[in-house]
Ligand SMILES: C[S@@+](CC[C@H](N)C(=O)[O-])C[C@H]1O[C@@H](n2cnc3c(N)ncnc32)[C@H](O)[C@@H]1O
């Protein structure tokens, strides 16, 4: 179902909207403090990456083995994501208002893949988006999410797909078996509070083959009930600092991703702001390509 513009909340309404959303940081802290006392300052954005945790472990002289510390921090982060996203049907998902259209901008990149192509999806939750994106059920698809509860439901969501493998872990620390994927996608995930954005963008580019496609999206809104109880799209992203919905934040994060890609070996093909999310599509550069003014 398409929404017309009047159905969207305008910027001046946003601050007054009451919005509820679990905080990954709070959920993480609650779980982590059961095992470690509050003197150990670990924030959720450190917990997905052993590299980031090493500094905390060293400076606090934490009296447990480093590998154990990394595992404990990861389990607390996983707890937070299981709580927030373990059951996708309980999530207030704006895609429900745009069920048949939200993915149209990126669908051509999926349908133009070769029949045996390899795909990596990160932050896929229970994998339901794969059904809309990839009609070819023979593709070799690897899926990763930090939520063990979400990944447990992948087999059920994608029962007709023959070559799907799923993994539980944080992308920052995940050990890929291949760095030759034809297509990478990560939708509404790199905007998560706990993500190490730079390392994730860098890693995603490293994991696709030359000429391979990278698709990212940034969440761009929520469903809210209008005065007559009708569902309305509200554009923006909730800010825990201000307690309001920030209409500019998704664009800022999309800009950050675009800039980070510029510093990597990839070229942005298109950026498009859709009601549910902002899509960024890029292609990994081909190093062997002869440049216009040289190489002869
Ligand atoms: C907002 S959901 C998006 C799910 C789906 N891609 C969509 O757009 O509907 C974000 C997902 O990313 C996962 N996630 C968050 N941080 C992650 C990380 N560092 N590595 C892997 N998955 C992560 C969460 O568990 C959650 O399932």
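In our numbering, the protein residues as written are 537 to 832.
Glycine included, every Cβ here is placed at the ideal spot set by N, Cα and C.
All values reported here derive from a predicted model rather than from experimental measurement.
If we count Cβ pairs, one from each stretch, closer than 8 Å, do we get three or more for the segment 643-655 versus the segment 701-711? no
By Cβ distance below 8 Å, which residues in the same chain neighbour residue 746 in space, the five residues on each side in sequence not counted? 820, 821, 822, 823 and 824
Three-way DSSP call (helix, strand, coil) for residue 816 in this model: strand
Going by the DSSP bridge assignment, what does residue 769 pair with across the sheet? 759
Is it right to say residue 640 is buried, meaning 16 or more other beta carbons lie within 10 angstroms of its own, or is it exposed? exposed
Whose C-beta lies closer than 6 Å to the C-beta of residue 657 among residues of the same chain, with five residues either side of it excluded? 679 and 721
Just to confirm, is the Cβ distance from residue 716 to residue 622 under 8 Å? no
Name the residue from 776, 690, 704 and 699 whose alpha carbon lies nearest to the alpha carbon of residue 729. Selected option, being the one with the closest Cα: 776.
Proximity of residue 612 and residue 555 at Cβ, strictly below 8 Å: no
What residue range does the alpha helix (DSSP H) around residue 560 cover? Taken as a continuous stretch (DSSP letters only), the alpha helix (DSSP H) holding residue 560 covers 560-568.
Could you tell me whether the segment 753-772 touches the segment 729-744, where touching means 3 or more Cβ pairs closer than 8 Å? no
What I want to know is whether the C-beta of residue 728 ends up closer than 7 Å to one or more non-hydrogen atoms of ligand 1. yes
Alpha carbon to alpha carbon, how far is residue 638 from residue 597? 48 Å
Using only CA atoms, which one of 801, 676, 661 and 760 lies nearest to residue 719? 676
In the DSSP assignment, find the alpha helix (DSSP H) that holds residue 798 and state where it starts and stops. 785-799
Looking at ligand 1, does it come within less than 7 Å of residue 581, judged from the CB to the closest heavy atom? Not a single heavy atom of ligand 1 lies less than 7 Å from the C-beta of residue 581.
Where residue 620 sits in the DSSP three-state scheme: helix
Sorted by chain position, which residues of the same chain lie with C-beta nearer than 7 Å to residue 789's C-beta, five sequence neighbours on each side aside? 727 and 754
Does the pairing of the segment 769-787 with the segment 587-605 give three or more beta-carbon distances under 8 Å? The answer is no - the segment 587-605 does not touch the segment 769-787, with fewer than three Cβ pairs under 8 Å.
Pick from 786, 787, 807 and 735: whose alpha carbon is nearest that of residue 799? If we check each option's Cα against that of residue 799, 735 comes out closest.
How many angstroms separate the CA atom of residue 580 from the CA atom of residue 572? Rounded to whole angstroms, the separation of the alpha carbons of residue 572 and residue 580 is 14 Å.
DSSP three-state label for residue 735, please. helix
Pull up the distance between the alpha-carbon of residue 815 and that of residue 791, whole angstroms please. 11 Å
Where DSSP assigns a beta bridge to residue 781, which residues make up the other side? 774
Kindly examine ligand 1 and report whether one of its heavy atoms sits closer than 7 Å to the Cβ of residue 723. yes
Residues bridged to residue 598 [DSSP beta-bridge criterion]: Paired residue(s): none; residue 598 is not in a bridge.
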